[in-house]
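**Q** Please find one structure pasted underneath; my questions will follow.
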Amino acid sequence: MSSASAVAVDFWKDEKTRKMWDDIVPGAPRRTVPYVLTREAIQAYCRSVGDLHPLYMDEAYAKASPFGGLIAPPSIHILLMFACTPMDDWMRSPGTVNAGQSWSYNVPARPGDTIRMDARALDKFIRKDRLFVIHDNVFFNQNDDVICSGRGWTIRPM
Amino acid sequence: MTEILERQSFESLAIGDTITGAPFHPTRETIRDFCEASLDYNPLHWDDDYMKGSFGKTSFGGIIMHGMTNFGILTKMLTDWLYPMGGVHRRLETRWKAPVKPGDAIVPTGTVTAKKETAKSRWAVIAVEIKNQHGATIAQGEAMAEFPPAR
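From first to last, the protein sequence lines are chains A and B.
Read in order, the letters of the first sequence correspond to residues 1 to 158 in UniProt numbering.
Read in order, the letters of the second sequence correspond to residues 1 to 151 in UniProt numbering.
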């Protein structure tokens, strides 16, 4: 696991090259990277939120269920968002504050899936002296099935 | 208002039915685990020195839990409720109302607010909320579940 110093280096690295609120163009696609979702990553996420449902944790249970095998919980997009986001993307700017999100779910993600994210800013505005950006993300599996789609509000660091 | 313990179905759901999820007790360690599991190492969640300052017109006075942890525990509440009914979690919308800090205790709840039959399926709308140990609202939002009709 990462040490505190490695985390600090990682997170502030590329800070100067990231887009500020001023630079973000609503509608422009963000560069993203594909991500192979593993059972280990799913289960580490599940443990971190205390969600140990056997559909995510118990292969025999999941295989006998209507899903026919292990799945990830719907909220796995929390991991997928950063997993598919390059280090120089503005979503990683230190001090980014998440103000709310909405997500729609289609098919579950599964261990072994290769996940693709389509992402962009949709809108930016100033409210109550704060700088906001609205972004949208859509996650697909290797068969181009939509896993989920979401929209979020962030307050940008000034 | 009745806490639902018995097996439910779309037919048995009533407006006003309530759901209570598992309490969650964030600590510096659970927040750290979430950083590693979500790859979200925003210094808001681990850097004490950074959090002494203010930024974006916001000041928190210490590290805070990831807002998306609320999203994860609301999702657990909904899926634990839906899977036994054959229900499908289709949507969750949340707004964060207040930060959560290490040592807090938070509990998610839901209330069925609407049922709707459409051309091809059946749906329920659930108002969701998370409160802390002081009764303050941490997160608020709305979920939607699908109950596909039997073939």
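Beta carbons: idealized from backbone N, C-alpha and C, even for Gly.
Taking the alpha-carbon positions, what's the Pro-86(A) to Asp-40(B) distance?
**A** Going by the C-alpha atoms only, they are around 12 Å apart.
**Q** To the nearest angstrom, how far is the alpha carbon of Thr-32(A) from that of Ser-149(A)?
**A** About 15 Å.
**Q** Check for me: the beta strand (DSSP E) holding His-89(B) runs from which residue to which?
**A** 88 to 96 is the span of the beta strand (DSSP E), which, as asked, contains His-89(B).
**Q** At a CB-CB cut-off below 8 Å, which residues of chain B make contact with Tyr-61(A)?
**A** Those within 8 Å of Tyr-61(A) in chain B number zero; the least Cβ separation is about 11 Å.
**Q** Taking Cβ positions only, does Val-47(A) come closer than 8 Å to chain B?
**A** For clarity, residue 47(A) is Arg in the given sequence; the question names Val instead. Chain B contact via Cβ: present.
**Q** Residues in the segment 131 to 145 of chain A with C-beta within 8 Å of chain B's C-beta atoms, listed in sequence order?
**A** For the segment 131 to 145 of chain A, which is checked against every Cβ of chain B, the residues closer than 8 Å are Leu-131.
**Q** How many angstroms separate the CA atom of Tyr-50(B) from the CA atom of Ile-63(B)?
**A** The straight-line gap from Cα to Cα measures roughly 9 Å.
**Q** Give the single residue among Ser-93(A), Tyr-56(A), Ala-44(A), Gly-27(A) whose Cα lies nearest to the Cα of Arg-18(A).
**A** Of the listed residues, the one whose Cα sits closest to Arg-18(A) is Ser-93(A).
**Q** Here's the rule: buried if 16 or more other CB atoms are within 10 angstroms of the residue's CB, otherwise exposed. What is Ile-15(B)?
**A** The residue in question, Ile-15(B), is exposed, as its Cβ has fewer than 16 Cβ neighbours within 10 Å.
**Q** If I measure Cβ to Cβ from Ser-104(A) and keep anything under 6 Å in the same chain, skipping five residues before and after, which residues do I get?
**A** Correct list, in chain order: Ser-149.
**Q** Just list the residues that DSSP pairs Glu-117(B) with in beta bridges.
**A** Beta-bridge pairing links Glu-117(B) to Arg-122(B).
**Q** DSSP state of Glu-59(A), grouped into three classes?
**A** Three-state result, Glu-59(A): helix.
**Q** Within 10 angstroms of the Cβ of Val-36(A), are there 16 or more other Cβ atoms? Answer buried if so, exposed if not.
**A** The residue is exposed, with fewer than 16 neighbouring Cβ atoms inside 10 Å.
**Q** Using the beta-carbon of each residue, which ones in chain B are nearer than 7 Å to Leu-79(A)?
**A** Chain B residues near Leu-79(A): Ala-37, Ser-38, Leu-39.
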